[in-house]
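Step one of this worksheet: look at the structure below.
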Amino acid sequence: MDTEALPDIRILDHALDHAPLPHFLIDDGCWLGDAAALEAAVLPSQDESRACALLEMGAPRIYLGEAALLDSGVVARLVARYGSDRIGVYAPCRRMEVSWSLETKSNADFKVVTPSICEPTWEVLLADGTPTGTIASWWLGAMIAFGAGSALLRADIGDDTDLNICAGLMETYGKRLWLSPLSRAPHSFGDWVRWGKATRLAVDRATYEARDDVRALAAAPQIREAA
0 MDTEALPDIR ILDHALDHAP LPHFLIDDGC WLGDAAALEA AVLPSQDESR ACALLEMGAP
60 RIYLGEAALL DSGVVARLVA RYGSDRIGVY APCRRMEVSW SLETKSNADF KVVTPSICEP
120 TWEVLLADGT PTGTIASWWL GAMIAFGAGS ALLRADIGDD TDLNICAGLM ETYGKRLWLS
180 PLSRAPHSFG DWVRWGKATR LAVDRATYEA RDDVRALAAA PQIREAA
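Heads up: the sequence shown at position 195 corresponds to 194 in numbering that gives the first Met the number 0, and the numbers run straight through without jumps.
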């Protein structure tokens with residue numbers, strides 16, 4: 000793999016005792032550490048007031064999850080107050096399930112089976128994993144239109160279809176987009192980069208410490224842009 004194709008790697012994790020802070024901290028709503036030492040705080044279900052608190056504590060950026068999904072106005076308000084560069088959105092995702100329906104009314108001579116979606120896509124989940132039916136690519140575009148400067152998506156890329164979805168998102172949103180696994184199942188990050196076109200990856204500390212390939216990507220010489 001060419002050096003130019005190597006991704007940025009960051010650690011995304013909870014605050015752990017006796018461990019350096021991760022680059023991207025998954026906030027529990029109670030953490031009161033040095034926010035300025037982070038690259039970003041990730042708020043899966045915390046509300047606008049918590050986002051403001053972390054930004055006022057010096058967090059360079061926050062990634063707002065369920066709160067932005069339920070009220071897109073939160074993004075616009077925070078961008079107006081703190082600037083686009085400090086506001087991102089967070090979306091856990093999974094492959095949207097396809098349902099089929101039998102159409103019998105449009106043409107009396109034919110019965111047509113139609114899918115609920117025309118092509119494979121990821122949908123955004125609530126913080127507890129509940130599916131929402133919200134198409135991730137559409138939602139990201141809407142949040143960026145409201146001023147969000149970047150996004151963090153978590154998804155398990157399990158096959159070529161997921162890689163194609165990932166590549167499509169990267170083509171549309173480019174370096175606005177960070178990608179991270181949704182679970183700790185084994186992942187082929189080389190495929191994420193080569194076929195999914197991922198340029199920015201975030202992994203948990205355990206994965207980073209256990210996987211030689213991930214550490215090699217992170218240590219490779221490259222010019223890193225600001226997060």
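All C-beta atoms, glycine included, are put in the ideal place defined by N, C-alpha and C. This one's a predicted model, so the numbers in the text were calculated from it and none came from an experiment.
- Following the continuous beta strand (DSSP E) through Gly87, name the residue where it begins and the one where it ends. Locating residue 87 in the sequence shown gives position 88, counting from the first residue. Run containing Gly87: 86-94, per the beta strand (DSSP E) assignment.
- Query: So who's on the other strand from Phe23, going by DSSP bridges?
  - Reply: For the purposes of this step, residue 23 is taken as the residue at position 24 of the sequence shown. Assignment of beta-bridge partners to Phe23 by DSSP yields Leu11, Ala39.
- Message: Using only the alpha-carbon positions, how far apart do Gly132 and Gly146 sit?
- Response: Taking the sequence shown and counting its residues from 1, the one referred to as residue 132 is at position 133. Taking the sequence shown and counting its residues from 1, the one referred to as residue 146 is at position 147. Roughly 23 Å between the two C-alpha positions.
- Message: Closest to Asp127 by C-alpha separation, out of Leu181, His13, Arg199, Ala201, would be which residue?
- Response: Here residue 127 refers to the residue found at position 128 of the sequence shown. Minimum Cα distance to Asp127 is reached at Leu181.
- Message: Which of the three DSSP states is assigned to Leu176 in this structure?
- Response: Against the sequence shown, residue 176 aligns to sequence position 177. The answer is strand: DSSP assigns Leu176 an E or B state.
- Query: Which stretch, first to last residue, makes up the alpha helix (DSSP H) that contains Arg204?
  - Reply: Position 205 of the sequence shown, counted from the first residue, corresponds to residue 204. 204-209 is the span of the alpha helix (DSSP H), which, as asked, contains Arg204.
- Item | Contact set for Glu38: own chain, Cβ-Cβ below 8 Å, skip 5 residues either direction | Locating residue 38 in the sequence shown gives position 39, counting from the first residue. Closer than 8 Å at Cβ, skipping near neighbours: Arg9, His22, Phe23, Pro59, Arg60, Ala226.
- Query: In its own chain, which residues sit with a C-beta less than 8 Å from the C-beta of Asp159, not counting the 5 before and 5 after it?
  - Reply: Residue 159 sits at position 160 when you count from the first residue of the sequence shown. The residues are Trp194.
- Which partner residues does Arg60 have in the DSSP bridge list? Within the sequence shown, residue 60 is the residue found at index 61, counting from 1. DSSP lists no partner for Arg60.
- Message: I'd like the span of the alpha helix (DSSP H) that includes Trp138, first residue to last.
- Response: Here residue 138 corresponds to residue number 139 of the sequence shown, with the count starting at 1. From DSSP, the alpha helix (DSSP H) with Trp138 extends over 135-144.
- Message: Is the beta carbon of Met142 closer than 8 Å to that of Ser71?
- Response: Working through the sequence shown from its first residue, we reach residue 71 at position 72. Working through the sequence shown from its first residue, we reach residue 142 at position 143. A contact, by the Cβ cut-off of 8 Å.
- Query: With 16 other CB atoms within 10 Å as the buried threshold, where does Ala18 fall?
  - Reply: The residue labelled residue 18 in the question sits at position 19 within the sequence shown. Exposed is the call here.
- Item | Of the listed residues Gly157, Arg76, Glu96, nearest to Pro119 (C-alpha basis) | Here residue 119 corresponds to residue number 120 of the sequence shown, with the count starting at 1. That would be Glu96, whose Cα lies nearest to the Cα of Pro119.
- Query: Tell me, which residues are paired with Glu122 by DSSP?
  - Reply: Start at 1 with the first residue of the sequence shown, and residue 122 comes out as number 123. Glu122 is bridged to Arg93, Ile134.
- Through-space distance from Met56 to Ile25, alpha-carbon basis: Along the sequence shown, read from residue 1 onward, the residue named residue 25 stands at position 26. Along the sequence shown, read from residue 1 onward, the residue named residue 56 stands at position 57. Near 16 Å, if we compare the C-alpha coordinates of Met56 and Ile25.
- Query: Can you name, in chain order, every residue of its own chain whose Cβ lies under 7 Å from the Cβ of Asp240, other than the five neighbours on each side?
  - Reply: Residue 240 is absent from the structure shown; the chain starts at 0 and stops at 226.
- Taking the C-alpha atoms as reference points, what is the distance between Gly64 and Ala197? Counting from 1 along the sequence shown, the entry for residue 64 is found at position 65. Counting from 1 along the sequence shown, the entry for residue 197 is found at position 198. For Gly64 and Ala197, the distance between alpha carbons rounds to 21 Å.
- Starting from the Cα of Leu139, find the closest Cα among Thr129, Pro130, Ala150 and give me that residue. Counted from its first residue, the sequence shown places residue 139 at position 140. Comparing Cα positions, the closest option is Ala150.
- Task: Determine the contact status of Val202 and Leu11, defining contact as a CB-CB distance below 8 Å.
- Result: Numbered from its first residue, the sequence shown carries residue 202 at position 203. Numbered from its first residue, the sequence shown carries residue 11 at position 12. Using a Cβ distance threshold of 8 Å, Val202 and Leu11 count as a contacting pair.
- Item | Supposed close pair Ala154, Trp121 - CB separation, criterion 8 Å | Counting from 1 along the sequence shown, the entry for residue 154 is found at position 155. Counting from 1 along the sequence shown, the entry for residue 121 is found at position 122. The Cβ separation is near 6 Å, so the contact holds.
- Is Tyr62 closer than 8 Å to Val41 when the C-beta atoms are compared? The residue labelled residue 41 in the question sits at position 42 within the sequence shown. The residue labelled residue 62 in the question sits at position 63 within the sequence shown. In contact: Val41 and Tyr62 (Cβ atoms closer than 8 Å).
- Message: To the nearest angstrom, how far is the alpha carbon of Asp211 from that of Gly157?
- Response: Position 212 of the sequence shown, counted from the start, is the residue given in the question as residue 211. Position 158 of the sequence shown, counted from the start, is the residue given in the question as residue 157. Cα to Cα, Asp211 sits roughly 20 Å from Gly157.
- If you follow the beta strand (DSSP E) that Arg153 is part of, which residue opens it and which one closes it? On the sequence shown, residue 153 is found 154 positions in, with the first residue counted as 1. Run containing Arg153: 149-153, per the beta strand (DSSP E) assignment.
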